[in-house]
Every structure is written in structure tokens, then in C-alpha cells.
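Participant:
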Amino acid sequence: AAVQNSLMVTYTRCGELEIARHLFDEMSCERNVISWGSMIAGYAHNQRASEAFELFREMQKRRLKMNWVIVTTLLPACSYLAAIKQGKEIHSQIVKADLVPDVMVWNALIDMYAKCGNVDNARQVFDRMSKRDVVSWNAVIGGYGTNGYGEVALGLFKEMQQEGIVPDHITLIHVLSACSHAGLVEEGWQIFNSLSETFDVRPRVEHYACMVDLLGRAGHLDEAEQFIHNMPKEIEAS
RNA sequence: CCACCAGUUCAUA
Numbered sequence: 013a014a015v016q017n018s019l020m021v022t023y024t025r026c027g028e029l030e031i032a033r034h035l036f037d038e039m040s041c042e043r044n045v046i047s048w049g050s051m052i053a054g055y056a057h058n059q060r061a062s063e064a065f066e067l068f069r070e071m072q073k074r075r076l077k078m079n080w081v082i083v084t085t086l087l088p089a090c091s092y093l094a095a096i097k098q099g100k101e102i103h104s105q106i107v108k109a110d111l112v113p114d115v116m117v118w119n120a121l122i123d124m125y126a127k128c129g130n131v132d133n134a135r136q137v138f139d140r141m142s143k144r145d146v147v148s149w150n151a152v153i154g155g156y157g158t159n160g161y162g163e164v165a166l167g168l169f170k171e172m173q174q175e176g177i178v179p180d181h182i183t184l185i186h187v188l189s190a191c192s193h194a195g196l197v198e199e200g201w202q203i204f205n206s207l208s209e210t211f212d213v214r215p216r217v218e219h220y221a222c223m224v225d226l227l228g229r230a231g232h233l234d235e236a237e238q239f240i241h242n243m244p245k246e247i248e249a250s
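The numbering of the first sequence is my numbering, which starts it at 13 and goes up by one.
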């Protein structure tokens, strides 16, 4: 079954969903939970979220057990459809099912709520977690940032460090982006300038892009231009 | 010693 599943995944990665689906349909006894998960992920990753849900419903109709992997592929599909109702539905199923690697499941939930614009629910999930990893923090910070609560995002960023969680390069993308959405130019500069020294993060294109975005949105166009001009060329190349 | 059957956060557009 493993080889069949791999083949399916290969097709989904090429966008050949019909072929993948055909393989899926032709599987009989070797079709396992991974086959289901792969097909669902195939739809989800190819902007066909509603078909992902269709297949998921089919799975439940057959009383097959879902697992945490499936949940973490379905939740981003909810955000894609801005379907907070579906998300809440899955949330309640998660609570019932008591899925194993909870951290990842909660992280996905945080992100789903945040992307659907419901930062309060996102925060609630975050607050109730017994263990949080860097992704949990990244997800809430990002959630506040994209919803315009830059100061809250920065506050959490600080708090995270106080808790001894080491920010990674993704954290800093979230933080800079939060500054950008909230017009926090000064803060953004400060953070950007301390990327390598205090955060041990090698600045990447994304960080530079955040800064350009930040300056541009704030109307500091000349400064943005200057910034781009002074960019290292290895960044420019990427 | 280890190589992968699906999996959460990652700017702009």
C-alpha cells in the first residue's frame, strides 16, 4: 500500500488529481488511512478545498477514524474557504477524538481561527495549550499581525522570549509583517537591524521584503528605495 | 547512526 500511496502523492504533486483519484478509487484492501489522508491533502494543496471536505465526509460516512494528520491538512482548507463553521465543526471533533500530537493540532487550529479573522478564538486555543512550541507562538503572533493588532503581536513576541522560546526566522517574518500592517516603522527597523545579532537569524529575502512593504505602506517611499538599493546582491538574486 | 507513503506557522502578489 505504501508504494501505491507514494504514487498517488506523486500525481497530486503534479496537479494530476484525477489520476490520483483514480488510483485511490481502485485501491481495495490496501487503502488505508494514509491513502485517505494523501488524497485529502492532494485536494487541499491544489486549491480544491471543497473536494477535500467531500472526501472527508465520505470517510466519516464509512465510520473510518480520522487522525491528527488529516485534521492538520483540513484546517488550512477551512481558512482557504473562510469556512469558520467547518473549522468549528472540526474543532469539536478534535476535542472528542483526543488526537495524539496535540501541539500540531492546536497550532493548526490557532492558525485557522486567525485566518478566518477570529483572533479571540485563536488566542483562546493558544492560552489553553499546556505545551506550546515555536510554531504556536508564530501562529498567534501572525494572527494578531495580519488582523492589524501589531502592538499585541509585539507584546507576544516579547513574552515569548521571556518564556525562553527561541524565535526562528519565521517568527521574525511574522513580527516584521505585523509591524508593516500596523505601521510600526520604528519598531520594524529596530527588529530588522538586530536580526543576526540578537536573534541569530540570517536575514532572508522575506525579511527584506517585509521591510520594503513596511516602508512602502507607511509612505516612506524614498527610504524604501534607498533600502532596496543597499540590499546585498545575494538577496537581490533570490 | 539516519535516508522520505499523507502533516501545522512562513512577507508581497
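Glycine is no exception: its CB is placed at the ideal position from the N, C-alpha and C atoms. Nothing here was measured: the structure is a model prediction, and the numbers come from that model.
Verify whether the separation of the beta carbon atoms of Gly99 and Asn58 is less than 9 angstroms.
Facilitator: By one-based count along the first sequence, residue 99 stands at place 87. By one-based count along the first sequence, residue 58 stands at place 46. No; because the gap between Cβ atoms is not below 9 angstroms, this pair is not in contact.
Participant: Are the beta-carbon atoms belonging to Tyr125 and Val137 less than 9 angstroms from one another?
Facilitator: Here residue 125 is taken as the residue at index 113 of the first sequence, counted from 1. Here residue 137 is taken as the residue at index 125 of the first sequence, counted from 1. It is a contact, given that the beta carbons lie within the stated cut-off.
Participant: Buried or exposed for Lys127, going by 16 or more other Cβ atoms inside 10 Å?
Facilitator: Counting from one through the first sequence, the residue named residue 127 turns up at place 115. That one is buried.
Participant: Where does Ala230 fall in DSSP's three states?
Facilitator: Your numbering for residue 230 matches position 218 in the first sequence. Reduced to three states, the DSSP call for Ala230 is coil.
Participant: Can you say whether Gln25 is buried or exposed, counting buried as having 16 or more other CB atoms within 10 angstroms of its CB?
Facilitator: Against the first sequence, residue 25 aligns to sequence position 13. A quick correction: the sequence has Arg, not Gln, at residue 25. Label assigned to Arg25: exposed.
Participant: Alpha carbon to alpha carbon, how far is Ala61 from Leu93? Give it in angstroms, no decimals.
Facilitator: In the first sequence, the residue the question calls residue 93 occupies position 81. In the first sequence, the residue the question calls residue 61 occupies position 49. C-alpha separation (whole angstroms): 7 angstroms.
Participant: Our contact map puts Phe211 next to Leu184 with C-beta atoms below 8 angstroms; I'd like the distance itself, whole angstroms only.
Facilitator: For the purposes of this step, residue 211 is identified with residue 199 of the first sequence, where counting begins at 1. For the purposes of this step, residue 184 is identified with residue 172 of the first sequence, where counting begins at 1. Their Cβ separation, rounded to whole angstroms, is 6 angstroms, which keeps Phe211 and Leu184 in contact under 8 angstroms.
Participant: For Lys73 and Ile247, what's the separation of their Cα atoms in angstroms?
Facilitator: Translated into positions along the first sequence, residue 73 becomes position 61. Translated into positions along the first sequence, residue 247 becomes position 235. If you take the alpha carbons of Lys73 and Ile247, they lie about 50 angstroms apart.
Participant: Which word fits Asp37, buried or exposed, when buried means at least 16 other C-beta atoms lie within 10 angstroms of its C-beta?
Facilitator: Position 25 of the first sequence, counted from the first residue, corresponds to residue 37. Exposed: under 16 other Cβ atoms inside 10 Å.
Participant: Ala249: buried (16+ other C-beta within 10 angstroms of its C-beta) or exposed?
Facilitator: As a working mapping, residue 249 is identified with position 237 in the first sequence. The residue is exposed, with fewer than 16 neighbouring Cβ atoms inside 10 Å.
Participant: Kindly indicate which three-state DSSP category Pro244 falls into: helix, strand or coil?
Facilitator: Working through the first sequence from its first residue, we reach residue 244 at position 232. Pro244: coil per DSSP, three-state reduction.
Participant: Three-state secondary structure (DSSP) at Pro88?
Facilitator: Mapped onto the first sequence, residue 88 falls at position 76. Three-state DSSP puts Pro88 in a helix.
Participant: Kindly indicate which residue of Ser47, Ala89, Ile31 and Arg33 has the alpha-carbon position closest to the one of Ile15.
Facilitator: As a first step, residue 15 must be located in the first sequence, where it is residue number 3. What sits at residue 15 in the sequence shown is Val, not Ile. Cα-wise, what sits closest to Val15 is Ser47.
Participant: Quick one: give me the first and last residue of the alpha helix (DSSP H) that Val21 is part of.
Facilitator: Locating residue 21 in the first sequence gives position 9, counting from the first residue. Where Val21 is concerned, the enclosing alpha helix (DSSP H) stretches over Ala14 to Arg25.
Participant: Measuring only the C-alpha atoms, how far is His193 from Leu226?
Facilitator: Here residue 193 refers to the residue found at position 181 when the first sequence is read from its first residue. Here residue 226 refers to the residue found at position 214 when the first sequence is read from its first residue. Rounded to the nearest angstrom, the two C-alpha atoms are 7 angstroms apart.
Participant: Verify whether the separation of the beta carbon atoms of His186 and Asn150 is less than 9 angstroms.
Facilitator: To locate residue 186, count along the first sequence from 1; it is residue 174. To locate residue 150, count along the first sequence from 1; it is residue 138. Result yes, Cβ atoms of His186 and Asn150 sit closer than 9 angstroms.
Participant: Can you have a look at Val131 and say buried or exposed, based on whether 16 or more other CB atoms are within 10 angstroms of its CB?
Facilitator: Here residue 131 refers to the residue found at position 119 of the first sequence. So Val131 ends up on the buried side.
Participant: Can you check whether the CB of Arg214 is closer than 9 angstroms to the CB of Ile177?
Facilitator: Taking the first sequence and counting its residues from 1, the one referred to as residue 177 is at position 165. Taking the first sequence and counting its residues from 1, the one referred to as residue 214 is at position 202. Cβ distance not < 9 angstroms, so Ile177 and Arg214 don't count as in contact.
Participant: With respect to the alpha helix (DSSP H) encompassing Lys100, which residues constitute its N-terminal and C-terminal limits?
Facilitator: Residue numbering aside, residue 100 sits at position 88 when the first sequence is read from its first letter. First-last of the alpha helix (DSSP H) with Lys100: Ile96 to Ala109.
Participant: Quick one: grab the DSSP three-state call for Asn130.
Facilitator: Taking the first sequence and counting its residues from 1, one reaches residue 130 at position 118. Residue state, collapsed to three classes: coil.
Participant: Are the beta-carbon atoms of Ile39 and Ala13 separated by less than 9 angstroms?
Facilitator: For this step, residue 39 is matched to residue 27 along the first sequence. For this step, residue 13 is matched to residue 1 along the first sequence. As written in the sequence, residue 39 is Met, which differs from the Ile given in the question. Yes, Cβ-Cβ distance for Met39 and Ala13 is below 9 angstroms.
Participant: I'd like the span of the alpha helix (DSSP H) that includes Leu207, first residue to last.
Facilitator: Within the first sequence, residue 207 is the residue found at index 195, counting from 1. Unbroken alpha helix (DSSP H) run through Leu207: Leu207 to Phe211.
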